[in-house]
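> If you're matching them up, the sequences are chains A and B in order.
In this text, residue positions in the first sequence follow this note's numbering: the first is 3, and each later residue adds one.
In this text, residue positions in the second sequence follow this note's numbering: the first is -6, and each later residue adds one.
Glycine is no exception: its CB is placed at the ideal position from the N, C-alpha and C atoms.
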Amino acid sequence: MAKTEDQATMSKIGKPPLPAPDEGIPASEVQLYANRVRVYPRAVHGIARNIKWAILILCLAVYYITPWIRWDRGEGRPNQAILLDMSHERFYIFGLTYWPDDIYLLTGALILAAVGLFLVTSLAGRIWCGYACPQTVWTDLFMWVERLIEGDRNARMKRDAGPATLDKAWRKVAKHAAWVGIAFWTGGAWIMYYVDAPSVTVQFWTGQASREVYFFTGLFTVFTYVLAGWAREQVCTYMCPWPRFQASMLDEQSFIVTYQKWRGEPRGKGRRDAEGLVGGQKLGDCIDCNACVNVCPTGIDIRDGVQLACINCGLCVDACNEIMTKAGRPKWLILWDTLARQDAKAAGRHERIHLLRPRTLIYVTALLLATSVMGAALAMRSHVNLAVLHDRAPLFVKVRDGSIRNAYTLKVSNKTDAPASFALVLGGLQGGSMALSDEAERPVPALNLDVPRDAIGTFRVLVYGAPARLADGSMNVSFTLRNTATGESTEVSSVFMGPPK
Amino acid sequence: MAENNAAGEKDSVTGRHTTGHEWDGLKELNTPLPKWWFWTFVATVVWGIGYAIAYPSVPWINTYFPGVLGYSQRNVVTAEVKALEAQRAGVMQKLKAVPLEEVKKDEALYVVAMTAGRVTFAENCRACHGAGGEGRPGYPALAGDAWIWGGKLADIQQSIVYGIRSAHPETRMSQMPKFGADGILKAEEIDQVSDYVMVFYRPGAPALPGAAKGETVYAENCAVCHGDKGEGKRELGAPALRSSVHLYGDTRAAVRAQIVNPKQGVMPAWNARLDEATIRAVTLYVHGLGGGE
């Protein structure tokens, strides 16, 4: 079908990726629901594959080993370097202990991750998808196992199309058993981030682990098996939201896996002579061998241009380089390049690489901003926290000697690793005094509050006062709390209420 | 699956077929949904039907379809409450056995007692004494330090168990004579003694005209219960007059009304309604409101 002018415009740079045209499908066979086309990726060797292996090994090593790293926090505290202790409401990350009220730091970390991803995508396309996304890493691992047991693309396709044989049966059983094994190992490692790794390992096999441990191990086992074994590229093309909006981060200056159409077309089989002629016809470098399609883990044809299902892994680059070498043509018919440079090359011009452009600069600025805000928040994170809650009923109580009593609930967080003694001083109320409600002692001007390490102390404090004037029935007071050991202090304001006078 | 005549149409820009759906001239390109996705949707519908059969679902007019599994949230709650009571039995038994003053030393027990006390107070006591024990005219404040019958744990416990002027034979009982209504004092004397009582109520303020004569009336009629200096007598349930906190109001009119025809508030005995452990819990809670002695 001849390309219309519109089509040419639409396939231009910067436009959203379009699905391939329905070439050659008769109108009567247009379907609203599509069968899944099974992808049988072929093994490939080359630079992208090597980088992919290296990142895969690194990611899996980090994932499986991290829970086993120990970190001494002293007696009675967990000694796991990274432990997300949900049941005790603490996140331990090496020397840092996070409380539930530090959740904004997690928000900040997620913002950093998101902006970082935007920056990387605007510079180098979806390399996250192609190299580091867990879906890619585990799918790659599962494909490697599949290849070990069932052979490469052609052997697998042949066996799948053939009759049921003993050979087919044992290979399928062995493959799925291996997958389930890896999936279980994955699920088991996951739970170790939430409970102590060595003890949960023992508890798991002796039947003493909690129901949650078994449940989540099972859940992650099932999902790893289904997503990496069965769903694979369907996750990337249909389930994941990232491909849906990645187009808004890409522009014509982003490095993406690109087929050099100007060099490859018109494609055609056959060995080219010195002038690039086959049988007297001038052809491009693409010999239409389909190697790039056969190695693609999502089963697409990169020669159709940038598209939603392309995860930018570059395995087609490796595949094409192998073929070009064999065909005696220059390598890099498929390579990482920008659309702008491709346009220029097609027109015989040279185009610079633009790493610094408004889009990347904005992302870098946002990243720096978020990093410094996060850094400051982390550095200035307070280790003493005071929350003051004035009693709602009664707002005040009149006592026999004519003075007014207000009651407050004070929550004192001691985020340090040592038991702390806090001095509580009342400000703003002339002659005011304080007492703890559950200790029948005479009110004193300052109180001493003891809080164990890494804990919150709750105190009901009675404040007695006889203010000369209470204009609207209330006045401002303040509580100053000071850790007597570290000197760190915090001040919280509240109100003292009484009958207006 | 769905076939449509218009689906044959091809979009000139993309080269793709349309689904045949059209809105104001905008046509939808056909991007086939994977079949597994469609079947997943069907599976959720099937699951939903199964769920509706198994569990309570369809409302009738007066009742509802209960589901074949016989599940009922009410039964679950009943079972949970029963289990909770069984679980609590031990600690409530302990609360009965430990002397009230000792409870605070057992932190876990004290937390249970205060929690049980708070809930019990909210259900039974707050209607009169206020949500935080702040009281209101005629109903004593429990959060303050002015106690008519005493603010020690044992005093509070006794007031709760037997009540005040209640029907229980062991009830706390005090009866102020109706000095006006029964003609014990003349109107003039009542005015004088009212003036005198205001000296207790407002220390430092200029004395009212009848205060001097009222002092004699007070000494002859009131001091026996309320004390020579208006300090009150807890063993008789006679409130302190030399105080800033008064049950029936701070004004002279309120004082006079109380001498003429005194209000006699009643608190029921709670031993018939609450079990012993619960009364002990609410005793500790009231004591901890801020005024416990």
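(1) Return no unless some Cβ of chain A is closer than 8 Å to the Cβ of B:E178.
(2) Quick check on this structure: which residue in A:G301, A:V401 and A:T188 has the alpha carbon closest to the alpha carbon of A:N292?
(3) Just by C-beta distance, which residues in the stretch 388 to 404 of chain A are closer than 7 Å to chain B?
(4) Count the other CB atoms within 10 Å of the CB of A:P396; is the residue buried (16 or more) or exposed (fewer)?
(5) With a threshold of 8 Å between beta carbons, is A:K17 in contact with chain B?
(6) Check whether the Cβ of A:A487 lies closer than 8 Å to any Cβ atom in chain B.
(7) Kindly provide the ranges of any beta strand (DSSP E) runs that are 3 or more residues long and lie completely inside the stretch 329 to 370 of chain A, ordered along the chain.
(8) Name, please, each residue of chain A whose Cβ falls closer than 8 Å to the Cβ of B:E73.
(9) List the residues of chain B whose Cβ lies closer than 8 Å to the Cβ of A:L464, in chain order.
(10) Taking the alpha carbon of A:A230 as the point to measure from, which residue in A:R343, A:W73 and A:W181 has its own alpha carbon closest?
(11) Just to check my reading of the structure: A:F218 and A:W192 have Cβ atoms closer than 8 Å, yes? What is that Cβ distance to the nearest angstrom?
(12) On the DSSP bridge list, what partners appear for A:T482?
(13) Taking a cut of 9 Å between CB atoms, which residues from the stretch 77 to 91 of chain B lie near chain A?
(14) Alpha helix (DSSP H) containing B:A216: first to last residue?
(15) Whole angstroms are fine: how far does the CA of A:I67 sit from the CA of A:I105?
(16) Please state whether DSSP places A:Q82 in a helix, a strand or coil.
(17) Cβ closer than 7 Å: which chain B residues qualify as neighbours of A:S439?
(18) Residues of chain A with a CB under 9 Å from the CB of B:A101: which are they?
(19) Where does the unbroken alpha helix (DSSP H) through B:E290 begin, and where does it stop?
(20) Whose C-beta lies closer than 8 Å to the C-beta of B:T113 among residues of the same chain, with five residues either side of it excluded?
(21) Output yes if chain A places a C-beta closer than 8 Å to the C-beta of B:F114; else output no.
(22) Answer with buried or exposed for B:S152, where buried requires no fewer than 16 other C-beta atoms within 10 angstroms of its C-beta.
(23) I need the boundaries of the beta strand (DSSP E) containing A:F218, first residue and last residue.
(24) Would you mind working out which of A:V224, A:I304, A:E235 and A:T226 sits nearest A:K263, comparing C-alpha positions?
(25) Using only the alpha-carbon positions, how far apart do B:G230 and B:M166 sit?
(26) What are the residues of the stretch 208 to 239 of chain A that lie near chain B, defined by any Cβ-Cβ distance shorter than 8 Å?
(27) Does A:V497 have its Cβ less than 8 Å from a Cβ in chain B?
(28) With burial defined as no fewer than 16 other Cβ atoms inside 10 Å of the residue's Cβ, what is the status of B:E73: buried or exposed?
(29) Hey, is the stretch 461 to 469 of chain A in contact with the stretch 353 to 369 of chain A, meaning 3+ C-beta pairs nearer than 8 Å?
(30) Drop a sphere of 10 angstroms on the beta-carbon of B:E127, count the other beta-carbons inside from all chains shown, and report buried for 16 or more, exposed for fewer.
(31) Beta-carbon separation of B:V154 and B:N264 under 8 Å?
(32) Might you give, ordered along the chain, the residues of its own chain that have their beta carbon closer than 8 Å to the beta carbon of B:V253, omitting 5 neighbours on each side?
(33) Is B:L135 helix, strand or coil when you go by DSSP?
(34) Round the Cβ separation of A:V453 and A:A409 to the nearest angstrom and send it over; I've been treating them as touching at under 8 Å.
(35) Using CA atoms only, rank isn't needed, just tell me which of B:P261, B:G203, B:F193 and B:G258 is closest to B:V186.
(36) Just the C-alpha distance for A:L252 and A:N323, rounded to the nearest angstrom, thanks.
Looking at the atomic coordinates:
(1) Along the second sequence, read from residue 1 onward, the residue named residue 178 of chain B stands at position 185. Residue identity differs from the one stated: residue 178 of chain B is Leu in this sequence, not Glu. B:L178 does not count as touching chain A.
(2) The residue you call residue 292 of chain A lines up with position 290 of the first sequence. Per the Cα distances, A:G301.
(3) D393, A395, P396, V399, K400, V401, R402, D403 and G404
(4) Walking along the first sequence from the start, residue 396 of chain A turns up at place 394. So A:P396 ends up on the buried side.
(5) Locating residue 17 of chain A in the first sequence gives position 15, where the first residue counts as 1. For A:K17, the pLDDT reaches just 38, beneath the cut-off of 50, and the residue's location in the model is therefore unreliable, leaving the point undetermined.
(6) Reading the first sequence from its first residue, position 485 is the one you call residue 487 of chain A. Closer than 8 Å: no.
(7) 336 to 339
(8) The count along the second sequence starts at 1 and reaches residue 73 of chain B at position 80. None at all; the shortest Cβ gap to chain A is about 18 Å.
(9) By 1-based counting over the first sequence, the position of residue 464 of chain A is 462. Chain B residues near A:L464: G283.
(10) Counting from one through the first sequence, the residue named residue 230 of chain A turns up at place 228. Nearest option by C-alpha distance: A:W181.
(11) Here the question's residue 218 of chain A lines up with position 216 in the first sequence. Here the question's residue 192 of chain A lines up with position 190 in the first sequence. Sure, about 7 Å apart at Cβ, within 8 Å.
(12) On the first sequence, residue 482 of chain A is found 480 positions in, with the first residue counted as 1. Answer is A:V427 and A:E493, bridged to A:T482.
(13) none
(14) As a first step, residue 216 of chain B is located in the second sequence; it is residue number 223 there, counting from the start. B:A216 -> alpha helix (DSSP H) spans A216 to H219.
(15) Position 103 of the first sequence holds residue 105 of chain A. Position 65 of the first sequence holds residue 67 of chain A. In a straight line, the C-alpha of A:I105 is about 26 Å away from that of A:I67.
(16) Translated into the one-based positions of the first sequence, residue 82 of chain A becomes position 80. Correct three-state label for A:Q82: strand.
(17) On the first sequence, position 437 is the one that residue 439 of chain A refers to. Those within 7 Å of A:S439 in chain B are G281 and G283.
(18) Here residue 101 of chain B refers to the residue found at position 108 of the second sequence. Neighbours of B:A101 on chain A: none; closest Cβ ~15 Å, over 9 Å.
(19) No answer is possible for residue 290 of chain B: the residues shown for chain B start at -6 and end at 286.
(20) For the purposes of this step, residue 113 of chain B is taken as the residue at position 120 of the second sequence. The answer, listed in chain order, is L267, T271, A274, V275 and Y278.
(21) Against the second sequence, residue 114 of chain B aligns to sequence position 121. By this cut-off, B:F114 is not an interface position.
(22) As a first step, residue 152 of chain B is located in the second sequence; it is residue number 159 there, counting from the start. The residue is buried, with at least 16 neighbouring Cβ atoms inside 10 Å.
(23) Here residue 218 of chain A refers to the residue found at position 216 when the first sequence is read from its first residue. Premise fails: A:F218 lies in the alpha helix (DSSP H), R213 to T226, not in any beta strand (DSSP E).
(24) For the purposes of this step, residue 263 of chain A is taken as residue 261 along the first sequence, with counting starting at 1. Taking only the C-alpha atoms, the option nearest A:K263 is A:I304.
(25) Looking up residue 230 of chain B in the second sequence gives position 237. Looking up residue 166 of chain B in the second sequence gives position 173. Looking at the two C-alpha atoms, the distance is approximately 7 Å.
(26) Q236
(27) Sequence index remark: in the first sequence, residue 497 of chain A carries index 495 (1-based). For A:V497, the answer is no, since every Cβ of chain B falls outside 8 Å of its Cβ.
(28) Your numbering for residue 73 of chain B matches position 80 in the second sequence. Classification for B:E73: exposed.
(29) no
(30) The count along the second sequence starts at 1 and reaches residue 127 of chain B at position 134. Label assigned to B:E127: buried.
(31) Position 161 of the second sequence holds residue 154 of chain B. Position 271 of the second sequence holds residue 264 of chain B. Result yes, Cβ atoms of B:V154 and B:N264 sit closer than 8 Å.
(32) Position 260 of the second sequence, counted from the start, is the residue given in the question as residue 253 of chain B. Once the five neighbours on either side are set aside, the close Cβ partners of B:V253 are K171, F172, G173, A174 and I183.
(33) As a first step, residue 135 of chain B must be located in the second sequence, where it is residue number 142. If DSSP states are grouped into helix, strand and coil, B:L135 belongs with coil.
(34) Translated into the one-based positions of the first sequence, residue 453 of chain A becomes position 451. Translated into the one-based positions of the first sequence, residue 409 of chain A becomes position 407. No, A:V453 and A:A409 are not in contact; Cβ-Cβ is about 20 Å, not under 8 Å.
(35) Taking the first residue of the second sequence as 1, we reach residue 186 of chain B at position 193. Among B:P261, B:G203, B:F193 and B:G258, the Cα nearest to that of B:V186 is on B:G203.
(36) The residue you call residue 252 of chain A lines up with position 250 of the first sequence. The residue you call residue 323 of chain A lines up with position 321 of the first sequence. So the alpha carbons of these two residues sit roughly 25 Å apart.
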